[in-house]
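Engineer: In our numbering, the protein residues as written are 20 to 522. Sharing a structure, written as structure tokens. Questions coming.
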Amino acid sequence: MMGSYRMLPAQKTRVLIVDEDVSLARFLQSYLTRRNYDVSSATSGDEAIRMFRVCDPALVLLDAMPNLSGVETLERIKQIKPEVTVIMTSGASNPEVIFKVSKLGAEDYLVKPFDPAELDRRIAKIVDRQRVSSEVVQLRDQVRRNHDFVALFGTSPKMEEVKETIEQVADTTATVLIRGESGTGKEVVARMIYAQSSRREKPFVKVNCAAIPNELLESELFGYEPGAFTGANRQKLGKFDQAHGGTIFLDEISEMHPALQAKLLHVLQDGEFARLGGKRDIAVDVRVLAATNKPLERAVGEGLFREDLFYRLNVVTVHIPPLRERQAEIAVFLDYFLHKYSEFYGKNPPPFSEYAIQRMIEYTWPGNIRELENLVKRYVIVGNEAQIIRELSTHKPVISSISGASPLWGLPKEVPPPVNDAASRVTAMPPKPANGEETMSLLEIGRRAAQAAEREAIERVLNQTRWNRRQAAKILKISYKALLNKLKVIEEQISAERKTSAS
20 MMGSYRMLPA
30 QKTRVLIVDE
40 DVSLARFLQS
50 YLTRRNYDVS
60 SATSGDEAIR
70 MFRVCDPALV
80 LLDAMPNLSG
90 VETLERIKQI
100 KPEVTVIMTS
110 GASNPEVIFK
120 VSKLGAEDYL
130 VKPFDPAELD
140 RRIAKIVDRQ
150 RVSSEVVQLR
160 DQVRRNHDFV
170 ALFGTSPKME
180 EVKETIEQVA
190 DTTATVLIRG
200 ESGTGKEVVA
210 RMIYAQSSRR
220 EKPFVKVNCA
230 AIPNELLESE
240 LFGYEPGAFT
250 GANRQKLGKF
260 DQAHGGTIFL
270 DEISEMHPAL
280 QAKLLHVLQD
290 GEFARLGGKR
300 DIAVDVRVLA
310 ATNKPLERAV
320 GEGLFREDLF
330 YRLNVVTVHI
340 PPLRERQAEI
350 AVFLDYFLHK
360 YSEFYGKNPP
370 PFSEYAIQRM
380 IEYTWPGNIR
390 ELENLVKRYV
400 IVGNEAQIIR
410 ELSTHKPVIS
420 SISGASPLWG
430 LPKEVPPPVN
440 DAASRVTAMP
450 PKPANGEETM
460 SLLEIGRRAA
470 QAAEREAIER
480 VLNQTRWNRR
490 QAAKILKISY
500 KALLNKLKVI
510 EEQISAERKT
520 SAS
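If you want it as structure tokens, here you go:
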């Protein structure tokens, strides 16, 4: 969403000062506020715990107090949020206390009276280290997400179409609606769009609309001003504030209450919103990605979803096919998750047997990739393939062969079945390598099965359309250019096969 907008300052580090000396607490609060920190203060341990839960500080400056002592307060704070940084202060240098608070997780210890500039220096050093640590975590997450991207995208024509759409829309400001059943990887697609956009250095903020009660979702999205409701003692920035300049991902958008949908529509139309209890509109620059596992058209017809909001969200649609329509890729997913969780749990289970892989290919996967991931995770932990096969046996297979492969390839029912036995060759496991190896990797099994099934589907549709390639591309739901590229690959494969047979 482009247009005029105000620049938000970098988010201030929240500091909580806890000291029974009211005048000192006020002085330090004033001093650190001038140093551009977001500061709150408390004068007792009980008040400190209440304030800590409300303001969620990144750093606590905690005095060793007599009643609910600083040591006890430190202990309770660490129970609430173990990763929070605490600097202890005291009127005396007591080695026993220093040792005790260090064991409880205090970062530093200052003896009163101390120079405020020294306090500022130490806080700045801690904040800088927190920033570096956060960047490391973000890099690790990015690496993990890159692996997830690889795992999500296979070789089926439908996923080629998804990839192509992502590449076309990523570096634009267009709103994107990501549609697909639960567990198909909608968030991964959203993150892939973000990672390929010019906003990739800016925030990516996810909001699960189904996980937050409707009465709290408005304040979560748009924040609130002091006095907006009972207990709102200070301003809270919402998710749109946090996503300024970047991307916000609204998952399960269909669960948003119609009254709140009107406010979201205002953001999409005008690039502005008002905080709860606020008296002015705030300009914001945010790209909106939304996802749903429900047909929004039906929700519009039932009056549960605003029609004008639907059209605003549905500028570009990315539809992720369910796993039952991507069966040739199941072996690839199995290989990926088996390696991932074997490493994570420090276990080394044997690879799945060809029989187990075939049962998984025939299974319907109502929970899609998420269900498959959880199944592999259980297998790595328990190591019992027979148990996994029993679980699969309680469900009806999606198809007995790919010969009627409309579910797999998205082909219309009127496409005639193949006149030869190529489809049965697709369903069967690929032959053993000629070099005498007894097994091949799951990745190779999946790759060969996907290539064979794709070639069969393309040839079938081309025969049906009498080799009208543009019409065939429409039936296969891929671009004309993508079909030409695939035909070139098939031609090379046929040429290689002829050379092999001739030799």
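Note that beta-carbon positions come from the ideal geometry of N, C-alpha and C, so glycine has one too.
#1: From the DSSP output, in three-state form, read off F292 for me.
#2: Would you kindly work out how many angstroms separate the C-alpha atoms of I197 and S498, rounded to a whole number?
#3: Output the distance between the C-alpha atoms of D270 and F363, rounded to the nearest integer angstrom.
#4: So the candidates are A251, T203, I272 and G320; which of them puts its Cα closest to the Cα of N227?
#5: Would you give the residue range spanned by the alpha helix (DSSP H) that A15 belongs to?
#6: Which of the three DSSP states is assigned to D40 in this structure?
#7: Considering just the uninterrupted stretch of the beta strand (DSSP E) at F223, what are its terminal residues?
#8: Please classify T336: is it buried, with 16 or more other beta-carbons within 10 angstroms of its beta-carbon, or exposed?
#9: Under a three-way DSSP split, which group does K131 fall into?
#10: Give the DSSP-derived three-state secondary structure of S420 in the structure shown.
#11: In three-state terms, what does DSSP make of V337?
#12: Hey, how far is the Cα of E478 from the Cα of E381?
#13: I think R150 touches I106, with their Cβ atoms under 8 Å apart; what is that distance to the nearest whole Å?
#14: Can you tell me the Cα-Cα spacing of H285 and K225, whole angstroms?
#15: Tell me, which residues are paired with Y499 by DSSP?
#16: Would the region 345-363 and the region 205-218 be scored as touching if the rule is three or more Cβ pairs under 8 Å?
#17: Please return the same chain residues whose Cβ sits closer than 6 Å to the Cβ of N387, not counting the five positions on each side in sequence.
#18: Near Q48, what residues of its chain come up, given a Cβ to Cβ distance below 7 Å and the 5 sequence neighbours on each side ignored?
#19: In or out: K500 buried (at least 16 other Cβ within 10 Å) or exposed?
#20: Determine, using beta carbons only, whether Q406 and Q470 come nearer to each other than 9 Å.
#21: Return the first residue and the last residue of the beta strand (DSSP E) that D260 is part of.
#22: Would you kindly check if the distance between the Cβ of P222 and the Cβ of G265 is under 9 Å?
#23: In whole angstroms, give me the CA-to-CA distance for Y374 and I400.
#24: What first and last residue would you give for the beta strand (DSSP E) that runs through M107?
#25: Under the three-state reduction of DSSP, which class applies to D57: helix, strand or coil?
#26: Give the DSSP bridge partners of F268, in chain order.
#27: Write down the C-beta distance between G257 and E239 rounded to the nearest angstrom, noting that I regard them as a contact closer than 8 Å.
#28: Between the Cα of E137 and those of R148, S88 and Y50, spot the shortest distance and give me the residue it belongs to.
#29: Ordered along the chain, which non-local residues of its own chain (more than five positions away) have a Cβ less than 7 Å from that of H263?
#30: In angstroms, rounded to a whole number, what distance separates the CA positions of G250 and C74?
#31: Is DSSP giving A251 helix, strand or coil here?
#32: With distances taken between CB atoms, is the gap from A491 to V480 smaller than 9 Å?
#33: Runs of 3 residues minimum, wholly inside the region 351-393: which ones carry the beta strand (DSSP E) assignment?
#34: With a 10 Å radius around its C-beta and 16 neighbouring C-beta atoms as the bar for buried, classify K366 as buried or exposed.
#35: Would you kindly check if the distance between the Cβ of I96 and the Cβ of A77 is under 9 Å?
#36: Between which two residues does the beta strand (DSSP E) holding I197 run?
Structural biologist: Quick answer:
#1: strand
#2: 19 Å
#3: 27 Å
#4: I272
#5: Since the first residue shown for the chain is 20 and the last is 522, residue 15 is missing from the structure and cannot be characterised.
#6: coil
#7: F223: member of the beta strand (DSSP E) spanning F223 to N227, first to last residue.
#8: exposed
#9: coil
#10: Per-residue confidence for S420 stands at a pLDDT of 30, beneath the threshold of 50, marking its modelled position as unreliable; the derived number appears in the next sentence. If DSSP states are grouped into helix, strand and coil, S420 belongs with coil.
#11: strand
#12: 23 Å
#13: So it is not a contact: roughly 17 Å between Cβ atoms.
#14: 19 Å
#15: Its beta-bridge partners do not exist; DSSP assigns none.
#16: Flag = no, the region 345-363 and the region 205-218 do not touch.
#17: E200, G202, T203, P341 and L342
#18: Excluding residues within five positions, the ones whose Cβ falls inside 7 Å are I36, V58 and S60.
#19: exposed
#20: No.
#21: Careful: D260 lies outside any beta strand (DSSP E), inside the alpha helix (DSSP H) at K258 to Q261.
#22: P222 is positioned such that its CB atom lies closer than 9 Å to that of G265.
#23: 20 Å
#24: T104 to S109
#25: strand
#26: F268 pairs with K225 and L308.
#27: 6 Å
#28: Cα-wise, what sits closest to E137 is Y50.
#29: Excluding residues up to 5 positions away in sequence, L27, V303, D304 and V305 lie with their Cβ nearer than 7 Å to the Cβ of H263 in the same chain.
#30: 12 Å
#31: coil
#32: yes
#33: The qualifying runs do not exist here; there are none.
#34: exposed
#35: no
#36: V195 to R198
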